[in-house]
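Chains as they are written, first to last, in the numbering used here: chain A, 1 to 601; chain B, 1001 to 1601.
Below is one structure, written out as C-alpha cells; the observations come after it.
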C-alpha cells in the first residue's frame, strides 16, 4: 500500500512560495542550481523514502538492536541504507563542489532530510549522524584527519557519531571525566565511558568514528577544559588495514521508541590502547561541538516535525475511511454512519496537527534559509543571520519536539482504540516522538539557553533582529484584507512578549538568576507560539499573493485548506499565550523557594 | 527495593480531612464502620499492593498476553490475584452485608482501588471489571442469574467483563449488530462479534462472564433497541458442570501499554450454540450499562490518577538522588553537582505533577462521596447527588486521563534519557496511561456528554447545583486570609465559565447543535480546570483548618508542601482558562465549516 507520509505539495509551497529558495541561486555559491534541479532532488528524496525507508519503518521497530558478542546487531537494511545514502550523494549534499559534494542549499538538503525522516526517522539517523560528524572534521580537523576519516564516511561505509554524554554528565557537560593523555606521537590515549551514543556501534558499517569530548590531562575545570577528539572504533594501522582501537560496546539501551537506531554505552581504554586524535585546538572542544550541536538541535526539531507529519497523514487516511456515528445534527440511526472526518471534533484534531506541523516546518525551513544566507552574504550581514539562528535554535528544537508529541497524540486519538494497537503506526510514532524533548538538550536546557543566553546576548541584539523580521511579516500581511486581523493579533502577542521579556530581565537585575530563569520553560513555550504564528503569517502572505495573481484552479483546495489551518492557529493556539503571559508577569519564585523536604510524604 | 508508589499520608488527608469520610458513619447504612476500621482497610490494601501487585508491575508488561490454542495466556500471578481479591473481600467491598459483602463506603473502597491501581493498573483490571459486572447482575438481574453467576465472580474464580464495542460500533453504540434470538426456553441465542474486550478471555480464571450488549430480533433501531445479556464463556449444564458456550476468542490485540491485561476479540455463535440470558427488561440495556459505565468512567479517571501518582513517586525518587549540574546562581565547576531536585525547573515539573494528581484525586473522592450520599440520604437529596454525579462524571473521567498523560510525561522528563529507557518505569507509565483518554468513551465523547447533555439537563439544574457547591467552598475559603486570593481567582474563573456556558447555549439556539458542540472538548478542558481548582480550594480549607487548630509539628512539612502545590495550581494551571475562554467566546464554526476535501494535499 502506498501510504502517504508527507505532502510534496506543502513542502514545495514552503520552499518555493514562502521561503523563495530560488532567490539563493542569485549568489555565486549557489548559481549552478535552479528550481528544476531542486525539483529533481526532492523527487529523488521522495523515491528513496518511499522505496527504501518507509517500507521498513515498522520492521525496524519490532526488531530492535541487540548486543551480540560485543557488537550491536541492527536491521540488515542499515548497510543498504548507508550505501544508498553514500552513493546517492545524500551524506555530501551540503559539502562544497571542491570536496566532491553537491553544494546544495541547506534549505533543499534539509527538505530532503525532512522527507527521509517522515519516511523513517531511525533509518535516517545513521547517515544523518555521519553527515554531522564528517562536517565537524571537515570544518575543524586537520587535512590528515580529513583524508583519513571523511572519505569512508561520505560513502556511507563508516558511521559517524557525537559522543558527549557520560554516566555522570548529561545536561551538565562540564562534568565529563573521559581523559586524553598526550603521547607526543600525534595521538592521545583515551580513557573513559560514554552513554546514550546514538548509532554508537553496529554491524551495518565497517567502522564507527566517534567525535568525542574529553579532557586533556591538566586542562582547566569545567567547559573550558573540554577538547574534541576523533576516536574510531577501529584505527588504521601502518599497512592501511584496520585494527581494534580498544573501544568496547558495554551495553545497548532498551528504549520505548526510536528503536530502529541503537543507543550504545561505550568504554574506552580498558586495555590502555585507545587512540584519539585532537580536532582543532585543545580546550575548544565544546565550541566546535556546538557548531554541530546547533544544527543537530535544529535537526531534532526537523525530525520531530517529520514524525508528526507522517502520523498526521496516517490519522488523516484513517479518518477519511473509518465510518462511525452520525453528525450531531442528524441523529437518525437508520442513516448510514459517516466517515469520522465529518465530525467537527475530528476535524479539530486534524487541524491542530496541521497547525503545529506546518507551522513548525516553516520555522525549520526559515532556519535553513538563514544558514544558507549566512554562508553567502557579506560579513556584516553574516552576523545578522548568525544572531537570528542563535535565538531561533532553542525554539526550532523544542517547539516541534514538544508540540510534535501532542500532535501525534491527537493523531492517535483520531483512531480511538485502534490508535493504541500496533496494527496501526500511530502508537509507534507516539513512542518514537517522546525522545525529542530529551535528546540534544532537554526542553529545560533549551529554555535556559533561550532566556539566559540568547535573548540577552549582545545587549538583546538577536532579540531585536528577530522582532524586526516578525514586524516585517506583520507589515506585509497588513496589505491583505484577509490577513489584517491576524497581523494585529500577532502584533499584540509580540508586544506582550516584549513586556514579558522586559519584566523578566528586570527580575534578573533585582532578584538574580534563579528567579530570572525559574519559569524559563514557560517563556520558551510563549516564545515558540509567537514565532510559529509569525511563520503562519508568512504562509498567509504567500497564499494571498498566489490567490491574487497566478493561482490555478487545481490549487484552490490546497490554499483554502491552508487558510483554515492558519485561522486555526490564530484561533486556538495563539490564545494560549494569554495564560502564559499572566503567569510570567507574576513570576514569584514559587519553584525557587519550594524546599526539597516539602516533597516528602 | 521498597519503592513508594502512593502517599498514604495524602490519601488519608483527602479522605479524612477534605471529604470527612467519618461523617458517613452517622447514616444507618454505614453505622457499623468507623475511622479505625477504615485505617485497617487502607492498610490492608497497601499491603496487598506492596506485596502482590507492585512487584510484578514490570513483569506483566514484559510478558504480554498471547493467544495460545484458542485461549489467552496471561501472567501466572493473575490467578493468585483474583483469588486474593476474592478471599480478601475486595470484589465485594461495596456489596451490602445482606449479600455477604463488606458494605464499605465507596469513598473507602475507591481509595483502596486507588492504592491497587497505583501499584499495578493492569493487575487490578481483572478483579475491577469483575466487580463492575457482578454489580450489574446484582442490580438488574433476576435472582436466578444472580445465584448462577455472582458467587463465583465474588470469589474471583470467574472473570466479569463489559462487552460493548464491535468492529463497526465503538463510539457509536447504536450501530451494534450482535443479535439475540429468543428461544422460548429462558435464554437467547447470541450471534455476533465484539472487539477490545478487556480481560475478555484468559487462563487465570475458570470462566468468563460477559455483560454483553445485543439487539433482540425486531428491536427498534438505534440505542433504544439495545438489550443487556449475560453471555458466559462456559455455561452451566444440567449436571452442575460447565460446557463451552460457543464464545470463541478470535484474537488478542498487541497494545502500546496496559499490557498486563489482554484485550480480546470475541466471536459468538459461530456454531449457533451461544446462549445468552437477558438482564432486566428488553431494550433497556444501554440504560443498565450506563450505570456500570458511569462508575467505570470514574474508575478510569481513578486509574489515570493512580498511574500518574506512581509515576510521580518514581520521578521524585530519581530527582532526589540523581546529581547533575549546579544551581544557576553557582556556576563554579569545582563545586559538587547538586541533586536535580534543587533545580527550579525540576521542582516545577514535580509540582505540576502534584497539582494535577492531588487535585484529580480529590475530585475522584468527591465523586465517591456523592455516590455514598446518594445511597443513604432521602429521596429529594438523592436527586441532588445524582445530578452532581451526572455532571461531574465526564470531568472525573477525562481530566485525570488527559492531564495524567501530561503529568507522566513530565515525570519521564525529570529522568532525561533514562526516562526513555526501560531500566526505569517511567516509559511504561507513559505507554500505559495513553489508553485512558480512549477507553470507556473518548475525551471527545465525554465533552459532548458534558456540554450536549449534562450541562443542559433538567434546565441546567446539575450545573446550578455544582456552582453552589463550588461557591460554598469559595465562601469557606474567604474566612482564611491565606486563601482569599485564591477564592477570588476561583470566583472569577467561575463567572467566566458561566459566561462561556451562556454564550454556547445561545449558539445552540441560533446556530444549531453542530456549532454548539464544535468546541465541546475545549469546554470540557476549561470546566475541568475550574473543577480541580475547586478541589484544591477544598484542600486549602482543610489545611488552614488544621494549621489553625490541631496541626502537629511533624505534619507541617506535609501541609506546607501541599500549600505550594495549591499555589502552583492557581499560578500555573488556572491561567490556562484565559486562552480557552477567549476561544470559546469566539466560537465561529471554523471546524464545522472545514470541508473534507480541503484536507487533501
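Just so it is clear, CB atoms sit at the ideal spot from N, CA and C, and this is done for glycine as well.
Counting other Cβ atoms within 10 Å of its Cβ, residue 1354 (chain B) reaches 16 or more and is therefore classed as buried.
Within the model, the alpha-carbon separation for residue 188 (chain A) versus residue 275 (chain A) is close to 6 Å. Around the CB of residue 1062 (chain B), fewer than 16 other CB atoms lie within 10 Å, so the residue is classed as exposed. Not one beta carbon of chain B lies nearer than 8 Å to the beta carbon of residue 217 (chain A).
Considered as a whole, the segment 225-276 of chain A harbours 226-232, 234-236, 242-244, 247-252 and 263-268 as its complete beta strand (DSSP E) runs of no fewer than 3 residues, in chain order. Taken in chain order, the segment 498-548 of chain A contains no complete beta strand (DSSP E) segment of 3 residues or longer. The Cβ-Cβ distance between residue 399 (chain A) and residue 528 (chain A) falls below 8 Å.
Where residue 294 (chain A) is concerned, the enclosing alpha helix (DSSP H) starts and stops at 285-321. Here residue 1207 (chain B) is bridged, per DSSP, to B:1158. As DSSP reads the structure, residue 198 (chain A) sits in a beta bridge with A:263.
When the Cα atoms are used, residue 18 (chain A) and residue 601 (chain A) turn out to be separated by approximately 54 Å. Residue contact with chain B for residue 557 (chain A): present (Cβ-Cβ distance below 8 Å to some residue of chain B).
The CB of residue 394 (chain A) never comes closer than 9 Å to any CB in chain B; the least such distance is about 14 Å. Under the Cβ distance rule, residue 54 (chain A) does not count among the residues neighbouring chain B, no pair being separated by less than 8 Å. Contact between residue 27 (chain A) and residue 351 (chain A) does not hold, since the beta-carbon distance rounds to 38 Å and is not under 8 Å. C-alpha of residue 182 (chain A) to C-alpha of residue 317 (chain A): approximately 59 Å in a straight line.
Here residue 236 (chain A) really is in contact with residue 242 (chain A); their C-beta atoms are around 6 Å apart, less than 8 Å. Our two residues, residue 1109 (chain B) and residue 1258 (chain B), have alpha carbons roughly 23 Å apart in a direct line. Annotated three-state conformation of residue 282 (chain A) is coil, per DSSP. Taking C-beta atoms as the reference points, residue 474 (chain A) and residue 581 (chain A) fail to come closer than 8 Å.
Around the beta carbon of residue 1468 (chain B), fewer than 16 other beta carbons sit within 10 angstroms, so the residue counts as exposed. In the three-state DSSP reduction, residue 1117 (chain B) falls in the helix class (H, G or I).
A contact is defined here as three or more CB-CB pairs under 8 Å, and the segment 260-271 of chain A meets this definition with respect to the segment 188-201 of chain A. At a Cβ-Cβ threshold of 8 Å, residue 1321 (chain B) and residue 1071 (chain B) do not count as neighbours.
The CB of residue 1594 (chain B) comes closer than 7 Å to the CB of 347, 351 and 564 in chain A, given here in chain order. C-alpha of residue 186 (chain A) to C-alpha of residue 279 (chain A): approximately 11 Å in a straight line.
The beta carbon of residue 127 (chain A) sits no closer than 8 Å to any beta carbon of chain B. About 16 Å separates the beta carbons of residue 442 (chain A) and residue 174 (chain A), which is beyond the 8 Å limit, so they are not a contact pair. With a cutoff of 8 Å on beta-carbon distance, residue 1128 (chain B) and residue 1390 (chain B) are scored as not near each other. Taken in chain order, the unbroken stretches of alpha helix (DSSP H) that lie wholly in the segment 1422-1479 of chain B and span 4 residues or more are 1426-1433, 1443-1449 and 1457-1477.
Each of B:1064, B:1073, B:1080 and B:1578 was checked against the Cα of residue 1053 (chain B), and the nearest Cα belongs to B:1080. The DSSP-derived three-state label of residue 182 (chain A) is strand. Bounds of any alpha helix (DSSP H) do not take in residue 1164 (chain B), whose DSSP letter is neither H nor E.
The Cβ atoms of residue 1178 (chain B) and residue 1133 (chain B) lie no closer than 8 Å to each other.
Counting along the chain, residue 1326 (chain B) sits inside no beta strand (DSSP E), nor does DSSP assign it H or E at all. DSSP places residue 104 (chain A) outside any beta strand (DSSP E), giving it a letter other than H or E.
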